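**Q**
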Amino acid sequence: MFKFFCCLCTVLFGFALLSAQNSPDCRSAIPVCADAPIAGIADGGGDIDDFDPDVIRQTGCLEKGSVSSANIENNTSWYVFRAGTDGRIGFDLEALPSPGGIITAEWDFALYGPDVDCGSISNGSAQPIRCNYEVNNTRFTGIGVNPENGQVGAPSLTGNLNTYDEWIDVRAGEVYYLLINNFNTNFNGDPENYILTFTGTSVDADQNTALDCTLRDEFLGLDIVACEGDPDIVLSALNSPAGPNISNVTWEVDTDDDGNIDAVLASGPAETTYTVSSPNSGRYYVTIDDTLGGTITDNILITFYGIPVLDRIDVLDDLSDNNTIEVFVQGNGNYEYALNGGEFQDSPIFEDVPPGQNNLVINDKNGCGTTNPIPFLVVGYPKFFTPNGDGIHDAWNILGIETLTDPVVFIFDRYGKLLKQLDETTVGWDGTFNGRPMPSSDYWFRLEYERDEGGVLVANTIRTHFSLVR
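Residue numbers (mature numbering (1 follows the signal peptide of the UniProt record, and there is no 0)): -20 to -1, 1 to 450.
1. Is S216 helix, strand or coil by DSSP?
2. Work out the CA separation of G311 and L(-13) for me, nearest whole Å.
3. Could you check where the beta strand (DSSP E) with Q310 kicks off and where it finishes?
4. Quick check: the Cα distance between E323 and T179, rounded to an integer number of angstroms?
5. Would you list the residues sitting across from L357 in a DSSP beta bridge?
6. Restricting to Cα atoms, I'd like to know which of G360, T252, W231 is closest to D242.
7. Quick check: P102 and G347, are their CB atoms within less than 8 angstroms of each other?
8. Round the Cβ separation of A206 and F284 to the nearest angstrom and send it over; I've been treating them as touching at under 8 angstroms.
9. Can you give the Cα-Cα distance for Q107 and D410, rounded to whole angstroms?
10. Hey, would you say N142 sits closer than 8 angstroms to E114, going by beta carbons?
11. I'd like to confirm the pairing. Which residues does DSSP put opposite S182 in its beta bridges?
12. For G25, which residues of its own chain have a beta-carbon under 7 angstroms away from its beta-carbon, when the five flanking residues on both sides are left out?
13. With a threshold of 8 angstroms on Cβ separation, who are the neighbours of A190 within its own chain once the five nearest residues in sequence on each side are excluded?
14. Can you look up A318 in the DSSP assignment and give me helix, strand or coil?
15. So which of I10, F390, G396 has the shortest CA-CA distance to R196?
16. Can you give the Cα-Cα distance for R426 and L398, rounded to whole angstroms?
17. Whose C-beta lies closer than 6 angstroms to the C-beta of D145 among residues of the same chain, with five residues either side of it excluded?
18. To the nearest angstrom, how far is the alpha carbon of Y156 from that of C6?
19. Where does the unbroken alpha helix (DSSP H) through L195 begin, and where does it stop?
20. For Q38, name the three-state secondary structure that DSSP assigns.
21. Measuring CB to CB, does L215 end up less than 8 angstroms from I280?
22. Whether or not the stretch 302 to 310 and the stretch 237 to 253 are in contact is what I'm after, with contact meaning three or more pairs of Cβ atoms, one per stretch, closer than 8 angstroms; do they touch?
23. Any chance you could list the beta strand (DSSP E) runs of at least 3 consecutive residues sitting entirely within the stretch 363 to 436, in chain order?
24. Does DSSP classify P11 as helix, strand or coil?
25. Output yes or no for whether 8 angstroms exceeds the beta carbon distance between A85 and N162.
26. Using only the alpha-carbon positions, how far apart do P127 and D72 sit?
27. When the Cα atoms are used, what is the spatial distance from D326 to S227?
28. Helix, strand or coil for T227, going by three-state DSSP, please let me know.
29. Which residue comes first and which comes last in the beta strand (DSSP E) that contains S57?
30. Go ahead and pull the three-state DSSP assignment for G286.
31. How big is the Cα-Cα spacing for P259 and Y361?
32. Just how far apart, CA to CA, sit F330 and T304?
33. Would you identify the three-state DSSP class for A16, choosing helix, strand or coil?
34. Leaving out the 5 sequence neighbours to the left and right, which residues in its chain are closer than 6 angstroms to N440 when beta-carbon positions are compared?
35. If contacts are defined as beta-carbon pairs under 8 angstroms, then C41 and A75 qualify, I think. What distance do you get, rounded to the angstrom?
36. Please specify which runs of the beta strand (DSSP E), each continuous and at least 3 residues long, are wholly inside the stretch 120 to 147, giving them in chain order.
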């Protein structure tokens, strides 16, 4: 079976193994291509948390590599690849011996995709499609077939003792993230070396097209979603195909990502890196002039999100049989919403909201924070009340009436006889008329109040009914 090794964003030729850079963070995962064989190294912890510590211990596989305090964050490597053709892809992850000739690494992996983002990986909404933290009995682990003993990959099951997972079937254009972790030394950060070799029918057919090498040309990496307060993001021109042959570098930014450059950030032969700090979102551009007279460009969109901030809650139909609200949040994050301790939903619209005080929680799906419960009031009315002296639903009134302008409520029996008049200062109707308890029945009310519409107070009248139950 023909195979190829991963390339770390550098144009290299020949077949000598080369020392490799490492990316311990998902958001700066190294694009994999087919230019040259190369050895990887896992050499310490990253700058950000790629996994929510509370989630990682509940993932079914990854917790085996997270014995204490999500230590899977140490001695890891992240790669990203894009399928160039339809077919089958696998890989061999080979442990290399230490200088003393002894293999001390215990390599494990998790593969995510297709087309997930690092935020989804972090918050646990994206689970690995292949994941193996079994104890290796050869120097290989991976996806496909173990080249050392012919072991065929099996479905990923915790505790199956199979160090190879089954192939993945890919379609052209799909993007996958690969986490590599050294379990043996992920407590102390000692670096370890490995070789990553991709296999499968796509590779057999043509190693040069199996993985989309245009991903390598996107040397600044894929777009980054980060949280406000995260560590700085360092963009590097040294990862470009120009390598060290740089005569000048210019960095620019389009803060609104509207196609218009807002500022030149730095320019000069020594400006090979640029540091982006929170919360400076925008699309960052780099132009590289090489010593051979060529020009190379790339750009990357970096978006910082913070804890969601509520803008407002609109009640779409006050005092209806179907109280409906719509939530508006400041910013352009990816949010989900929960009402009164219920499940989160993607839609900002809630129907059948109980009248009176409610609590809303907003969560940023990028993993950048969740609000505390936000109380809000829905003006509404109980559809029934039970004035039996037990202290529960003993009086009827418009809930939230104190938020209305000049409200007056008139209560009638079915024949139109006025029984009670209420306002915002009244506790409510106790179900009596002239001291005499009224029977169980439907009663009608008319609410009159004023609503501010564009600075103009407009009179409103609502008529509907409720039930007295004894």
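For glycine and all other residues, C-beta sits at the position ideal for the given N, C-alpha and C.
A quick note: this is a predicted structure, and the numbers were derived from the prediction, not measured.
**A** Well, looking at it:
1. If DSSP states are grouped into helix, strand and coil, S216 belongs with the strands.
2. Note on L(-13): pLDDT 35, under 50, position unreliable in the model; no value is reported.
3. For Q310, the uninterrupted beta strand (DSSP E) segment begins and ends at 305 to 310.
4. Going from the Cα of E323 to the Cα of T179 covers about 42 angstroms.
5. Paired residue(s): Q337.
6. Of the listed residues, the one whose Cα sits closest to D242 is W231.
7. Per the sequence presented here, residue 102 reads as Ser, with Pro not at that position. Yes. Within cutoff.
8. Yes, A206 and F284 are in contact; Cβ-Cβ is about 5 angstroms, under 8 angstroms.
9. Rounded to whole angstroms, the gap between the alpha carbons of Q107 and D410 is 56 angstroms.
10. Between N142 and E114, the C-beta gap is smaller than 8 angstroms, which places the two residues in contact.
11. Under DSSP, S182 shares a beta bridge with no residue.
12. Taken in chain order, the residues that qualify are P4, E53, N54, G169.
13. Within its own chain, the residues whose Cβ lies closer than 8 angstroms to the Cβ of A190, once the five positions on either side in sequence are excluded, are F(-17), A14, A63, G64, T65, G67, I69, F178, G180, S182, V183, listed in chain order.
14. Reduced to three states, the DSSP call for A318 is strand.
15. Minimum Cα distance to R196 is reached at I10.
16. Taking the straight line joining both Cα atoms gives about 10 angstroms.
17. The residues R110, N112, I123, G133, S136, in chain order, have a CB closer than 6 angstroms to that of D145 in the same chain once the five nearest residues on each side in sequence are set aside.
18. When the Cα atoms are used, Y156 and C6 turn out to be separated by approximately 11 angstroms.
19. The continuous alpha helix (DSSP H) containing L195 extends over residues 194 to 197.
20. Under the three-state reduction of DSSP, Q38 is assigned to coil, being neither helix nor strand.
21. The Cβ-Cβ distance between L215 and I280 falls below 8 angstroms.
22. Three or more beta-carbon pairs separated by less than 8 angstroms are not found between the stretch 237 to 253 and the stretch 302 to 310, which leaves the two stretches without contact.
23. Qualifying beta strand (DSSP E) stretches, in chain order: 385 to 392, 398 to 402, 421 to 433.
24. Strand at P11.
25. Remark: C-beta atoms of A85 and N162 approach each other more closely than 8 angstroms.
26. Whole-angstrom Cα-Cα distance: 8 angstroms.
27. C-alpha separation (whole angstroms): 49 angstroms.
28. At residue 227 the sequence reads Ser, which differs from the Thr that was named. For S227, the three-state secondary structure derived from DSSP is strand.
29. Per DSSP, S57 belongs to the beta strand (DSSP E) from 56 to 62.
30. Annotated three-state conformation of G286 is coil, per DSSP.
31. C-alpha separation (whole angstroms): 44 angstroms.
32. The straight-line gap from Cα to Cα measures roughly 6 angstroms.
33. Note on A16: pLDDT 48, under 50, position unreliable in the model; the coordinate value appears next. Coil, per DSSP.
34. Only Y429, R431 meet the Cβ criterion.
35. With a Cβ gap of about 20 angstroms, C41 and A75 do not count as contacting.
36. Counting whole runs of 3 or more residues, the stretch 120 to 147 contains the beta strand (DSSP E) stretches 120 to 123.
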